Amino acid sequence: MDPVDLPLPVVKNPRSQTDAQALERELRARIDGEVRFDAGTRAAYSTDGSNYRQVPIAVVLPHTVEAARETVAVCQEHGAPLLSRGGGTSLAGECCNTAVVIDWSKYCHRLVSVDQENRRCVVEPGIVLDDLNRQLAEYGLMYGPKPATHPNCTIGGMIGNNSCGSTAQAYGKVVDNLHRLEVLTYDGVRLWVGPTDEAERERLTASDGRTGELFRGLVALRDRYAGLVRERYPDIPRRVSGYNLDSLLPEHGFDVAGLLTGSESTLVTVLHAELKLVPVPKQTALVVLGYEDICRAADHVPAVLEHEPEALEGVDHQLVHFQQEKHLNPKALKELPEGRAYLMVQLTGDSREEVEDKARALIDAKPDDVDHTWYDDQEHMSELWQVRESGLGATAHVPGRPDTWEGWEDSAVPVHRLGDYLRDLKKLYEEFDYGHPSVYGHFGHGCVHTRIPFDLESEAGVARMRAFVERAADLVVSYGGSLSGEHGDGQSRGELLGKMFGPELIEGFERLKGLFDPGNRMNPGKVVVPYRLDENLRLGSGHLPWEPETVFSFPDDDGRFSRAATRCVGVGKCRSSEGGVMCPSYRATRDEEHSTRGRARLLFEMVNNDADSPITDGWRSDAVHDALDLCLACKGCKTDCPVNVDMATYKAEFLYHHYKGRLRPLAHYSMGWLPAVARAPRTVNALAGVEWVARVAKTLGGVAPQRKMPVFAEQRFTEWWRRRGGPRGSGHRGEVVVWPDTFTDHFHPAIGRAAVEVLEAAGFRVKVPDVSVCCGLTWISTGQLGVARRVLGHTVDVLREDLRRGTPLVGLEPSCTAVFRADAAELLPKDPDVARLRAQTRTLAELLVERADDWQPPRVDARAVVQRHCHQYAVMGFDADREILRRAGVDADVLDDGCCGLAGNFGFEKGHYDVSMACAEAGLLPAVREADESTLVLADGFSCRTQVDQSDAGRTPLHLAEILAAGLGGHTAVPDRPEAPGTRALLPTVAAGAAVTLVAAVAAARRAQRAGRRRR
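For the sequence shown, the numbering used here gives the first residue as 14, with consecutive numbering after it.
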């Protein structure tokens, strides 16, 4: 090959000076898709899952692959840097840059074709791995590699990183599971690439133009560096660092797709991928082995590998301990064997007998002092895998410990040397005074994950981090390992690649980059000619965030909102499309800024104080407000998020400050003050019962016109209680206070009556407060926190004697119960009676399980579709309800399909209806429609019941109390709900209500005029 064909190395260019305004005009004119230059979007994409932060120039969400191609063309014409992004979970900084970011995940996620016979499929790069495998299931096929982020990582991102996951033990890395790629260079060359035989290679190298130049350059690179590649590339299964020059070797078929895999958007843009598929295993078993320490477990890995597992993962006692402290996966942790370190061994086969034989052979071969447990049912296996897959979240933000960070989280060594490597790594931790970080990972491939308590906020701390990483790189190279075994190089390891490969191969990488991207516009500063590993840090030695005063106490974040805003680690679980609750607004919109992670990024930028932050107006930020507007405040993230981001609380705090001293949205008055409005039920019913009046009322109240106004009960629960004449029954189990929340008291009092009947039958003496009380929920959710604190203070005053006597309080509405169990203590942290309220509040099911365990509920013997209220899911949990339903003979299908979408005031507010219904249609409403008439529909939450009731499902859900009370009476539960009064009966009240409304409006106008004169 002529030496002239050897490409020149790329050189480092100055940071982009792109004319953003001209670029924006051109993109908007030519791109079929969303073109975003706004502050909120740029803030949401300013970082990934790494320690790094770079605010993008813009974000483009192309509707089609062709629109993405046109985006690249526009960027090339303007010289704008470019970055392709999938799930945005990268841990080395490769998914953030001062560039135009193409986010493929919202629209370009099609499964284009499936070739079942040859086990291949063609996909667009934005398709999520779990979504792909769900679609492939009907063919009996799946894509083999499965990273821990499989619910939200995209195939394009996996190709960019050369991802692996636990199942790479059996199926290899992404590079081993690709047939072809359709790629686009920055200067517009579009072609399919893959393994290239000699005839095809000669044809391509002889061709004119840029394609011929590319292939001649690749042949020259192969010929120049083949010997060094064979000599210096570690012979281990997890060599992910560096470019895949080895794919050009004859023994790998001159595979250009393999070469480009793992190039982290620095060489080409991937338009389509043809994937190799594997059969879905017919049977699976999981054996967990318990060892005295993680190093000894690592020593035993080669022996376990003889049993040919599909996956072989290591977990140390620290990871388990951190999950215990954070209350993660409690059921699964109890299923672990005795030990302080564990190997999780997944075995597959064609029959149950085959996997059972494999499991028993492994167990028989283990050392005698190694304990074990094993399961072959999907429920237990999924629970145990959550222990391993929760690693990143479990090791971040552990209470009472310094924050931990990536930076050396992904090294890999030969498997037979893993135990010794871990011993030396632990010594290095101690030398740098980093204590005992958890270590876990893909031990069957010698890959180690960890998070280290680096100090990234002081000059000395950053310097010490750098020194540690340099020493750790030397250590892994001395073991014949790879700096990265899965997560890629990006910025955190790009600077260190010379230690692993030497200067000659670094020059080869630079020449490869120069061949595909001579102008260094593709994700510049990552992998080659990289930024320093201590540059562009999200925190850094100059990090001095704004520390605003708050109403909530934020006890888990040292009382600092800035720390709460830094809590998100970017794992992206909030972008999953199935399971759990988080994040309903993302599932409805597929917008990053409407995910928990995206909102957390905006809040971080709000307090960040960096000169280049897109968010500069603090609490008054419209960008932050707009991102929080579609937050349903469901609290799903409080539990589902691995680091327990509580966006509902952050939203309430933000709204309090955002509207402080200003007029609020109409809905904040009409729905925030619902407990006050509820004191005039007949008037409200009357006004809502006349169509034109209801229409006007909804407009004035900021209510979605599609919504029906809920009907207030003629007789409140508390009124019924007073007329009843007090408690009945033996009361031998002691007193309980039944909490008369606004929704039970004013809308569905039959639930309160049913609860009293059940509690008295179970032996409790029931009390109900004899004065008006409220938990303050509606004021909290609308950010009227001053009012909420006063309301809560009054409530505690009313309950004080009962609280000090230790009397339990039973909540029937989950959202109000959750206020007492969570929010109240953060709003009034210094009141010991609020702490008592938190400790003594129980759901109906919790009280029955904890204090009446010997009481047998009445037999109901029915099937039920059950929608858990999100606040109960997040704060109280649902285990007690499952148990009571089981005892009552209810075959409960507890839905795992997310939020109902109404979420208190959210679904009633104007502008939220479509998102609200999209959330409901994601799982709840289809499940209700599919249920036959004999199947009960159970929903303890008023919002959940209302969402179903106002849909076309034709069902009115019941509360647990109603089902049990009906069972006591020996009949089937029938919903008892208030009905709107007839038109004739409404006329007198309408007239009176209209008069009152007119007087109130005139008075308000006069007050406004007087206030205006005073301001002038």
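Idealized CB from N, CA, C, for every residue including glycine. Given the structure is predicted, the values throughout are model-derived calculations rather than measurements.
Cβ-Cβ distances below 6 angstroms link E472 to S554 in the same chain, with the five nearest sequence neighbours on each side left out; the list follows chain order. Beta-bridge analysis with DSSP links I115 to V73, S97. With fewer than 16 other Cβ atoms from the protein chains shown falling within 10 Å of its own Cβ, H449 counts as exposed. Taking the Cα of L825 as reference, the smallest distance to any Cα among A112, G806, D758 is reached at D758. If you draw a straight line from the Cα of P939 to the Cα of G46, it is about 30 angstroms long. Contact between the region 356-364 and the region 321-332 is established, with three or more Cβ pairs separated by less than 8 angstroms. Taking the C-beta atoms as reference points, S589 is found no nearer than 9 angstroms to L104. No Cβ-Cβ contact shorter than 9 angstroms links G572 with Y65. Runs of the alpha helix (DSSP H) lying entirely within the region 404-486, each at least 4 residues long, are 404-407, 431-444 in chain order.
Proximity of the region 180-197 to the region 152-171 meets the contact definition, three or more beta-carbon pairs being nearer than 8 angstroms.
Beta-bridge analysis with DSSP links D382 to no other residue. Just so you know, the alpha carbons of L509 and E934 end up roughly 49 angstroms apart. Taking C-alpha positions only, F267 is separated from L154 by approximately 27 angstroms. Taking the Cα positions, V928 is about 24 angstroms away from Y672. In its chain, beyond the 5 residues on either side, F730, W733 have a beta carbon closer than 7 angstroms to the beta carbon of R766. Per DSSP, the continuous beta strand (DSSP E) segment holding S126 begins and ends at 124-128. The beta-carbon distance between D468 and R477, rounded to whole angstroms, is 7 angstroms. This is short enough to meet the 8 angstroms contact definition. Note that the region 890-902 does not touch the region 655-664; fewer than 3 beta-carbon pairs, one per stretch, sit closer than 8 angstroms. Going by C-alpha positions, S794 is about 8 angstroms away from G917. In this structure, T111 and Q67 form a Cβ contact; the two beta carbons are roughly 5 angstroms apart against a cut-off of 8 angstroms. Counting of Cβ neighbours within 10 angstroms places G799 among the exposed residues, the total staying below 16. The beta carbons of L142 and I115 sit no closer together than 9 angstroms. Excluding its 5 nearest sequence neighbours in each direction, G178 has C-beta neighbours in its own chain below 8 angstroms: P158, K159, P160, A161, H163, H455, E499, listed in chain order. Here the region 808-827 makes no contact with the region 625-634; the two share fewer than three CB pairs at distances below 8 angstroms. Taking Y184 as the centre and dropping the five residues before and after it, the same chain places the C-beta of G157, P158, N190, V291 closer than 7 angstroms to its C-beta, in chain order. For G494 against S451, the beta-carbon gap comes to about 20 angstroms, at or over 8 angstroms, which does not count as contact. Membership of D236 in the alpha helix (DSSP H) is indicated by the continuous run 222-245. Between the alpha carbons of R677 and P821 lies a gap of roughly 37 angstroms.
Apart from sequence neighbours up to five positions away, the residues of its chain that approach A52 with a beta-carbon distance below 7 angstroms are P627, I628, A636, ordered along the chain. Taken through DSSP and simplified to helix, strand or coil, R38 comes out as helix. Residues R235, A239, V242, R243 of the same chain have their beta carbon placed closer than 8 angstroms to that of L262, with the five preceding and five following residues left out of the count.
For A763, the closest alpha carbon among the candidates S278, E943, V987, H76 is that of V987. The beta-carbon distance between T102 and G62, rounded to whole angstroms, is 5 angstroms. This is short enough to meet the 8 angstroms contact definition. The shortest C-alpha to C-alpha distance from R778 to any of V749, C787, T755, L36 is the one to V749. V771 sits away from L812, with the two beta carbons spaced by 9 angstroms or more.
With contacts defined as CB atoms closer than 9 angstroms, L21 and R365 fail to qualify as a contacting pair.
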